[in-house]
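A short worksheet on the structure shown next.
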Amino acid sequence: MTHTLGRPDFDLITAWIEPGDRVLDLGCGDGTLLRHLIDTRGVHGWGVEIDDANILAAIRNGINVIQGNLERPLDEFADQGFDHVVLSRTLQTVRHTEGILREMLRVGREAVVSFPNFAYWKNLRSVLDGRMPVSEDLPYQWYDSPNVRFFTLLDFEALCDKMGLVIRERHVLDEEGNLVEDEVNFLGSLAVYRLTLNR
Amino acid sequence: MSGQSVGVVAAQRAHFDQPLQLRSGGVLPAYDLVYETYGTLNAAKSNAILVCHALSGNHHIAGHYADDPQNVGWWDNIVGPGRPLDTDKFFIVGLNNLGGCHGSTGPSSPNPATGKTWGADFPMVAVIDWVHAQAHLADLLGIDSWAAIMGGSLGGMQALRWSITYPERVRNAIVIAAAPRLSAQNIAFNDVARQAILTDPDFHGGHFYEHGTRPVRGLRLARMLGHITYLSDDQMGEKFGRELRNEALSYHFGVEFEVESYLRYQGDKFASYFDANTYLLMTKALDYFDPAREHNGNLTATMARSTAGFLIISFSTDWRFSPARSKEMVAALLANGRNVSYADISLNFGHDSFLMHDAHYHDVIDAYLRKIKL
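First to last, the protein sequences are chains A and B. Per this note's numbering, the first sequence starts with residue 1, numbered consecutively. Per this note's numbering, the second sequence starts with residue 1, numbered consecutively.
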């Protein structure tokens with residue numbers, strides 16, 4: 001199965017976004033997802049990035065990008081200014097997990113979050129074999145990983161429950177990007193969620 | 001540094017006979033603007049970039065004069081073929097603002113009503129007055145809409161003001177090391193600088209020209225103070241530390257530390273050519289600048305008029321116009337759903353960073369300008 005820009009979660013995220021929506025992509029990298037959403041969905045998009053090289057790459061991509069740190073409040077962004085706030089494969093790199101999730105739903109109507117599942121069976125097997133997992137969705141060695149939070153689908157859903165966040169939709173993918181329907185916490189390598197506040 | 005210099009340039013002069021109504025209530029019956037251009041205006045007249053100068057700048061942005069090759073423009077490192085403000089692609093315009101002392105009508109020009117030098121009688125000018133005058137220059141050059149208006153510090157404030165006052169004439173604004181209004185601390189620094197000039201016995205209430213003198217001491221102090229605020233503590237530490245001019249302490253009030261030598265040199269150099277009345281006017285224009293005042297301090301409401309795309313740049317070590325001040329403009333633009341990018345550049349030169357050549361800083365501007373549709 002081929003995926004947009006080699007990122008299976010991008011296809012799912014794209015499908016959730018309506019033409020003309022206002023989209024904020026936190027940790028937007030070089031702006032690839034926003035570029036795709038602008039080109040295919042005609043969204044009005046902005047990204048947030050901390051890294052100088054990515055700021056430059058996003059501007060080269062013609063993307064609105066704001067240099068900022070996701071560990072701090074998103075003070076430049078007003079309440080409910082966006083239809084969708086995307087955090088793609090970035091939540092595991094942020095220390096202030098609850099802070100960023102709250103900020104997403106302060107500035108946006110809906111949060112879209114994707115992250116690698118540490119309970120994926122290959123990851124578990126790797127740990128049982130005595131080594132930290134390295135996989136398609138966790139492509140780093142333990143000593144050079146940007147990841148600072150290690151959690152599973154069940155962990156994330158328990159946090160959403162605790163924070164009163166409503167899971168509107170969830171898709172789980174294996175390492176090849178195929179949808180996983182059963183035993184998702186064991187068979188899923190990457191999860192994508194749509195969240196809103198409880199109301 | 002990549003790219004090339006624009007080479008030999010020449011200043012031009014435009015005369016305007018239409019009176020200019022000023023924000024302060026005054027009127028300039030007629031005025032001259034001195035300007036320079038680099039590159040070629042294309043047939044569609046869609047490739048023009050206006051570069052606005054800061055407190056002590058002028059129209060000589062880039063290149064050098066045939067008869068004065070040492071006099072290189074103040075932002076030469078960013079203008080020229082292959083540089084971010086690429087003269088193979090863009091038509092660059094720089095001018096000396098009203099009230100200046102580099103050829104445009106200002107306090108050191110003759111007052112047509114009296115035949116004497118304007119001096120202290122020159123009316124107070126505001127950023128919006130400069131913008132109106134710049135718009136008349138644009139009319140003269142046949143430029144309906146600027147591809148971009150760009151500036152650092154007070155120059156960035158002019159770009160911001162343009163986007164609010166003439167939204168249909170600005171397609172992009174590049175606002176560097178600026179703020180939507182000065183802080184109390186900034187106004188305080190400006191007032192100390194002004195007091196140094198105003199209390200200089202050679203100031204003569206601003207009419208020193210008739211006395212054949214200049215308030216050199218006040219101007220020198222003003223510049224020394226300003227200079228400290230343009231640099232970062234770290235940079236001064238690295239550049240000068242506690243280095244002494246001579247080997248041992250000599251226990252007098254002459255120059256002992258290298259930093260003293262540097263500041264005095266900068267002060268003397270500046271005081272030898274800059275006009276004290278211009279310095280007063282420019283600092284007041286800074287203090288008065290506050291476009292959000294028109295909406296009870298609500299910058300978001302003020303910026304609703306602006307339709308330009310924005311690139312906003314701050315510098316990590318700039319404490320005179322800190323990154324937080326740039327973020328105020330970013331927030332106002334975001335709240336209006338405008339196209340805006342913001343980069344906070346790590347550079348060690350404080351407020352003066354905007355004039356420095358740094359590969360990442362210049363790459364960001366280059367990347368932004370390359371995406372502009374002409």
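Virtual Cβ for every residue (Gly too), placed ideally from N, Cα, C.
Helix, strand or coil at residue i according to DSSP, with G and I counted as helix
{"i": "Ala191(A)", "result": "strand"}
{"i": "Glu157(A)", "result": "helix"}
{"i": "Met84(A)", "result": "Met is not the amino acid found at residue 84(A); the sequence shown has His there. The answer is strand: DSSP assigns His84(A) an E or B state."}
{"i": "Asn64(A)", "result": "strand"}
{"i": "Thr229(B)", "result": "helix"}
{"i": "Tyr273(B)", "result": "helix"}
{"i": "Met1(A)", "result": "Note that Met1(A) has pLDDT 48, beneath the 50 cutoff, so the model's placement of it is unreliable and no number is given."}
{"i": "Pro19(A)", "result": "coil"}
{"i": "Val378(B)", "result": "For chain B, the structure presents residues 1 to 374; residue 378(B) sits outside this window and is missing."}
{"i": "Val131(B)", "result": "helix"}
{"i": "Ile50(A)", "result": "coil"}
{"i": "Ala173(B)", "result": "strand"}
{"i": "Leu311(B)", "result": "strand"}
{"i": "Val180(A)", "result": "coil"}
{"i": "Asp25(A)", "result": "strand"}
Exposure label - residue i; buried when at least 16 CB within 10 Å
{"i": "Thr401(B)", "result": "Nothing about residue 401(B) can be read from this structure; chain B reaches only from 1 to 374."}
{"i": "Ala158(A)", "result": "exposed"}
{"i": "Asp363(B)", "result": "buried"}
{"i": "Gln134(B)", "result": "buried"}
{"i": "Asp137(A)", "result": "buried"}
{"i": "Ser2(B)", "result": "exposed"}
{"i": "Thr317(B)", "result": "buried"}
{"i": "Ala188(B)", "result": "exposed"}
{"i": "Gly31(A)", "result": "buried"}
{"i": "Thr152(A)", "result": "buried"}
{"i": "Pro139(A)", "result": "exposed"}
{"i": "Asp234(B)", "result": "exposed"}
{"i": "Ala66(B)", "result": "exposed"}
{"i": "Ala48(B)", "result": "buried"}
{"i": "Ala184(B)", "result": "exposed"}
{"i": "Gln141(A)", "result": "exposed"}
Min CB distance residue i to chain A below 8 Å
{"i": "Val192(B)", "result": "no"}
{"i": "Asn296(B)", "result": "no"}
{"i": "Ala30(B)", "result": "no"}
{"i": "Tyr368(B)", "result": "yes"}
{"i": "Lys371(B)", "result": "yes"}
{"i": "Arg343(B)", "result": "For the record, residue 343(B) in the displayed sequence is Ala; it is not Arg. Judged by the 8 Å Cβ criterion, Ala343(B) is in contact with chain A."}
{"i": "His379(B)", "result": "Summary: the structure shown does not reach residue 379(B), with chain B confined to residues 1 through 374, and so no result is reported for it."}
{"i": "Asn172(B)", "result": "no"}
{"i": "Ala304(B)", "result": "no"}
{"i": "Gly82(B)", "result": "no"}
{"i": "Ala148(B)", "result": "no"}
{"i": "Val364(B)", "result": "yes"}
Below-8 Å beta-carbon distance, residue i vs any chain B residue
{"i": "Gln92(A)", "result": "no"}
{"i": "Asp52(A)", "result": "yes"}
{"i": "Glu110(A)", "result": "no"}
{"i": "Trp121(A)", "result": "no"}
{"i": "Val172(A)", "result": "no"}
{"i": "Gly27(A)", "result": "no"}
{"i": "Gly62(A)", "result": "yes"}
{"i": "Met1(A)", "result": "With a pLDDT of 48 at Met1(A), under the threshold of 50, the modelled position of this residue cannot be trusted; read the value that follows with caution. With 8 Å as the cut-off, Met1(A) does not count as an interface residue toward chain B."}
{"i": "Gln80(A)", "result": "no"}
{"i": "Phe77(A)", "result": "yes"}
{"i": "Val148(A)", "result": "no"}
{"i": "Gln141(A)", "result": "no"}
{"i": "Val41(A)", "result": "One point to set straight first is that residue 41(A) is Arg, not Val, in the sequence displayed. By this cut-off, Arg41(A) is not an interface position."}
{"i": "Ile38(A)", "result": "no"}
{"i": "Ile203(A)", "result": "Because chain A is modelled from 1 through 199, residue 203(A) falls outside the range shown and cannot be assessed."}
{"i": "Ile55(A)", "result": "yes"}
Assess, as a yes-or-no matter, whether the region 128-136 of chain B is touched by the region 15-23 of chain B under the definition of 3 or more beta carbon pairs within less than 8 Å.
yes
Taking contact to mean 3 or more Cβ pairs, one atom from each stretch, closer than 8 Å, check whether the region 244-262 of chain B and the region 106-119 of chain B are in contact.
no
Cβ contact (3+ pairs, closer than 8 Å) linking the region 54-61 of chain A and the region 71-89 of chain A
no
Within 8 Å, do at least three Cβ pairs link the region 41-58 of chain B to the region 163-172 of chain A?
no
Any chance the region 174-183 of chain B sits against the region 272-292 of chain B, with 3 or more Cβ pairs inside 8 Å?
yes
Would the region 158-176 of chain B and the region 64-80 of chain B be scored as touching if the rule is three or more Cβ pairs under 8 Å?
no
Would you list, in sequence order, the uninterrupted beta strand (DSSP E) runs of no fewer than 3 residues that lie entirely inside the region 4-50 of chain B?
12-16, 31-38
Inter-stretch contact (C-beta, 8 Å, three-pair minimum) for the region 36-43 of chain A and the region 342-358 of chain B
no
Report yes or no: do three or more beta-carbon pairs, one from the region 181-195 of chain A and one from the region 108-122 of chain A, lie closer than 8 Å?
yes
Is the region 274-286 of chain B touching the region 210-229 of chain B, taking contact as three or more C-beta pairs under 8 Å?
yes
Every unbroken beta strand (DSSP E) inside the region 324-353 of chain B [3 residues or more]:
340-345
contact_flag[the region 87-101 of chain A, the region 356-370 of chain B] where n(CB pairs < 8 Å) is 3 or more:
no
With contact counted as at least three CB pairs below 8 Å, one residue from each stretch, are the region 266-274 of chain B and the region 346-359 of chain B in contact?
no
Kindly confirm or deny that the region 83-96 of chain B and the region 51-60 of chain B touch, where touching means at least three C-beta pairs closer than 8 Å.
yes
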